[in-house]
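Have a look at the structure below, then the notes.
In this note's numbering, the protein residues as written are 13 to 123.
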């Protein structure tokens, strides 16, 4: 009876270990995918929206200096550029935070 009980407890422990391992592997795969998506989104946003901001500011400054727009329109252009930069930085921060979480869970070091 004692041997059967010990065998049953061992099977239960193995099953719990397997379940914990599967959960952890799933969480790691999800975190890895999240890291990749956030990194790609940050790079895409920076390349598309961030690349246009300097040119838009140049146009807004030229229009203001030429008397074709108001100071409020110039300030609005600066605010738009700042919002774009803030969004890019936020996306990059989220990607880095996800990567740090992944590295901490796996014990790996950044590349």
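Glycine included, every Cβ here is placed at the ideal spot set by N, Cα and C.
query                                                                                                                                             : result
For residue 111, is the classification buried or exposed, using 16 other Cβ atoms within 10 angstroms of its Cβ as the cut-off for buried?        : buried
Does the distance from the CB of residue 107 to the CB of residue 59 come in under 7 Å?                                                           : no
Among the residues of its own chain, which have a CB less than 6 Å from the CB of residue 104, if the five just before and after it don't count?  : 54
Can you round the beta-carbon distance between residue 96 and residue 119 to whole angstroms, since I take them to be within the 8 Å contact cut? : The Cβ separation is near 36 Å, so there is no contact.
Taking 7 Å as the threshold (C-beta atoms), are residue 114 and residue 47 in contact?                                                            : yes
Where does residue 51 sit, in a helix, a strand or coil, going by DSSP?                                                                           : helix
Less than 7 Å between the C-beta atoms of residue 81 and residue 74, yes or no?                                                                   : no
For residue 121, which three-state DSSP category applies?                                                                                         : coil
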